[in-house]
Structure formats: C-alpha cells, structure tokens
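**Q** Counting from 1293, one number per residue, gives the positions in the sequence shown under the numbering used here.
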Amino acid sequence: MTFSLHPADRVELSDAVDYYEACEPGLGYEFLEEVYAAIARALQYPDGWSQLSHRTRRCLTQRFPYGVIYQRDNDHVRILAVAHSHPRPGYWLSRSAGGEPPSG
C-alpha cells in the first residue's frame, strides 16, 4: 500500500513540529514519529479507523491531539490532512474528492 500527502499537509506538519519543538526540544521529533506511526496504522488497516464520511476516515495519534484524515483508493491512501482535533473542524473538506461532508 502506498500513500501521498496533500501539499498543504507538509506546511501544516512543519508548523506543528516547529510548535512542539519550541515547547520542548525533541518534542517536535516525537510528534513527527507519532504522525508517521498513525500513517503506518492507516496503511496497515485502512478500513479500521473512525469513519468521517462514506470515503473518509481518521486515525488518531496516541500522544498528541491530532488525527490523520485520509481516503483509500484501492492500494493507495491519500492523506487529506494531519489535523488538530479541536480547532476548525472540517477545514480539510475542500481537499476531498467532491468536498464530501462528514457523516453524523
């Protein structure tokens, strides 16, 4: 299974790493490890995480209030966002094919 990051993810991820690194040296690296562990879990069990809509799912990090929001297309996982779980819920919707709203 392969994956790709939405271009905006790289900026968001870098900003979050910088934030945590400013809080405590080394914490930014730990955050990044957690994000990649969540991506690995999403790749291993792509249908096993919280469903946000018909095609969109979220795999949470374990230590930080972030989730990897993604869509699966056959053997490829397209990561729409590495999103903080509190501010601006749904800001990533325009990155989804068809702007699919969350179910619920």
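Glycine included, every Cβ here is placed at the ideal spot set by N, Cα and C. If you're wondering where the values come from, they're calculated on a predicted model, not measured in any experiment.
(1) With a Cβ-Cβ cutoff of 7 Å, do Val1374 and Glu1326 count as a contact?
(2) Can you look up Gly1320 in the DSSP assignment and give me helix, strand or coil?
(3) Is Tyr1358 near His1376, with beta carbons less than 7 Å apart?
(4) First and last residue of the beta strand (DSSP E) that includes Tyr1398?
(5) Quick one: what does DSSP say Ser1345 is sitting in, helix, strand or coil?
(6) Which of the three DSSP states is assigned to Ser1296 in this structure?
(7) Do you know whose CA, among Thr1353, Glu1313, Tyr1337, lies nearest Asn1366's CA?
**A** This is what the structure holds:
(1) As a working note, residue 1374 is residue 82 in the sequence shown. As a working note, residue 1326 is residue 34 in the sequence shown. No.
(2) On the sequence shown, residue 1320 is found 28 positions in, with the first residue counted as 1. Note: Gly1320 maps to helix in three-state DSSP.
(3) Against the sequence shown, residue 1358 aligns to sequence position 66. Against the sequence shown, residue 1376 aligns to sequence position 84. It is a contact, given that the beta carbons lie within the stated cut-off.
(4) Here the chain has residues from 1293 to 1396 only, and residue 1398 is not among them.
(5) What you label residue 1345 is simply residue 53 of the sequence shown in a count that begins at 1. In the structure shown, Ser1345 sits in coil (DSSP, three-state: anything other than H, G, I, E or B).
(6) One-based indexing of the sequence shown puts residue 1296 at position 4. Ser1296: strand per DSSP, three-state reduction.
(7) Locating residue 1366 in the sequence shown gives position 74, where the first residue counts as 1. Nearest of Thr1353, Glu1313, Tyr1337 to Asn1366, Cα basis: Tyr1337.
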